[in-house]
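So that you can map any letter, position 6 of the sequence shown is 5 in numbering that gives the first Met the number 0, and since no number is skipped, the others follow by simple counting. Below is one structure, written out as C-alpha cells, with a few remarks after it.
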Amino acid sequence: MPHIKIKKEKCKSCELCVVYCPRGLLNIDKVLNKKGYRAVSFKENSGCTGCSFCAIVCPEVAIEVFKNTDDRKQLTEN
0 MPHIKIKKEK CKSCELCVVY CPRGLLNIDK VLNKKGYRAV SFKENSGCTG CSFCAIVCPE
60 VAIEVFKNTD DRKQLTEN
C-alpha cells in the first residue's frame, strides 16, 4: 500500500498538492508550522494510489511518496 510522508516544516501552503490529488486525500491543517504556514495533511491515506502527483507539483519538495511499505522501511533503515 502506498504511503506519503509530508515534511510539514517545509510546506508553504501553496495547496498545489491539494488541487492535483486525484482522490482528494489532502487538506490544509488548522495548525501553523514554525514558518507560520498551514501545512498539508491527509484526510485519509488508505485511498492513496501512489500516483506521486502531490510530490511532483510540490515546489518545496515537502512530499515523499513510497510506493509500498518495503520502500519506506529501506529508507528509514539507511
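Heads up, the beta-carbon is just placed ideally off N, CA and C, and yes, glycines get one too.
Original post:
Using DSSP with H/G/I as helix, E/B as strand and the rest coil, what is L24?
Top reply: Coil at L24, not helix or strand.
Subject >> Where R71 falls: helix, strand or coil (DSSP) >> reply: Because the pLDDT at R71 is just 49, under 50, the model does not fix this residue reliably, and the point stays unresolved.
Original post:
Are the CB atoms of F52 and C20 nearer to each other than 8 Å?
Top reply: Going by C-beta atoms, F52 is nearer than 8 Å to C20.
**OP:** Measure the beta-carbon distance from I62 to I5 and round it to whole angstroms, keeping in mind my assumption that it falls under 8 Å.
**Re:** Indeed they touch by this definition, with Cβ atoms about 6 Å apart.
**OP:** Report the option in M0, P1, N67 and K11 whose CA atom is closest to the CA atom of A38.
**Re:** Out of M0, P1, N67 and K11, K11 has the C-alpha closest to the C-alpha of A38.
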